[in-house]
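Numbering (the working numbering), first residue to last: 2 to 283.
Heads up, the thing below is written out as structure tokens.
Now the structure itself:
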């Protein structure tokens with residue numbers, strides 16, 4: 002077969018140069034070296050979605066704290082990705098406003114007593130919170146809490162459905178795969194099924210100690226990095242496995258006075274150190 006033209010369909014991921022640069026500098030200042038950058042939906046998708054789901058078409062919904070990331074997989078790769086400015090922190094703020102309490106206390110109540118479906122809430126489960134402007138604790142039931150949470154969760158999935166429809170992927174055989182810490186709340190799956198009207202499941206990493214939807218992104222990035230390291234290590238041919246390869250021997254070498262003087266002369270002076278210090282703020 003002879004060809005004179007090669008074409009490819011690719012998805013180009015772009016990002017703000019300043020934000021990426023600041024992120025790299027923060028990591029490098031901690032003493033670590035950045036080997037590569039991984040797009041979170043790509044890393045999490047390789048872990049949470051099956052091969053058939055990515056081939057037939059599916060949507061991964063990652064509900065974070067301040068935003069919700071939607072990633073459409075089709076024919077084995079990412080077809081589209083977008084972000085909605087709504088997330089789990091909006092639920093916390095609604096609880097703080099509805100119960101008239103502090104945000105920190107609202108977050109604790111959400112994690113311990115949160116339920117996204119009023120029908121599944123237990124009226125006998127009660128808790129107390131300290132109201133703003135008063136030292137008196139007031140008692141609420143889980144039903145009261147669910148009445149605050151359910152409308153916000155419904156809104157999140159309504160926005161997800163509208164955005165996927167706008168992208169032109171309203172009907173995918175793989176359905177929706179939910180990730181993020183908010184997805185571990187009881188009743189979220191039922192609300193998602195009602196609003197999205199298709200197959201929905203919550204993804205959980207199959208590793209001991211991280212079996213929670215909130216760990217999908219972090220574990221997915223690590224899984225992607227480990228896989229790339231294995232590919233690099235196995236791509237070196239048979240030379241690395243040869244039994245005749247010699248191991249380097251470390252021998253202590255005595256440094257001559259001339260070399261020592263040259264090394265000391267190469268050390269940065271006061272002006273160079275001052276320039277380096279100010280360059281960190283540029």
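No residue lacks a Cβ here, since even glycine has one placed at the ideal position from N, Cα and C.
In this structure, the straight-line span from the alpha carbon of residue 178 to that of residue 143 is close to 27 Å. Inclusion of residue 165 and residue 117 in the CB contact set at 8 Å is not warranted, their separation being larger than that value.
Counting only runs of 4 or more residues that sit fully inside the stretch 179–223, the alpha helix (DSSP H) segments are 189–197, in chain order. Annotation note: the stretch 92–157 contains the following uninterrupted beta strand (DSSP E) runs of length 3 or greater, listed N- to C-terminal: 127–131, 138–142.
Going by DSSP, residue 50 is part of no alpha helix (DSSP H) at all; its letter is neither H nor E. Within the same chain, 213, 214 come within 6 Å of residue 185 by CB-CB distance, once the 5 residues on both sides are set aside. Our two residues, residue 90 and residue 49, have alpha carbons roughly 23 Å apart in a direct line.
Across the structure, residue 168 and residue 112 are spaced so that their CA atoms are roughly 33 Å apart.
The beta carbon of residue 221 sits closer than 6 Å to those of 44, 45, 48, all from its chain and outside the five residues before and after it, given in chain order.
For residue 70, the enclosing beta strand (DSSP E) covers residues 69–75.
Contact annotation: the stretch 150–159 touches the stretch 189–196, with at least three C-beta pairs closer than 8 Å.
Assigned with DSSP and collapsed to three states, residue 83 falls in strand. Annotation for residue 28: no beta strand (DSSP E) segment contains it, though the alpha helix (DSSP H) segment containing it runs 18–30. Here the alpha carbon of residue 205 sits roughly 27 Å from the alpha carbon of residue 106.
DSSP, read as helix, strand or coil, puts residue 35 in coil.
Residue 180 and residue 3 have their C-alpha atoms spaced approximately 46 Å apart. For residue 177, the beta-bridge partners assigned by DSSP are 60, 201.
Less than 8 Å separates the beta-carbon of residue 61 from that of residue 42. Our two residues, residue 108 and residue 7, have alpha carbons roughly 53 Å apart in a direct line. Put simply, the backbone Cα of residue 130 is about 14 Å away from that of residue 115. Here residue 93 is buried, its C-beta having at least 16 other C-beta atoms within 10 Å.
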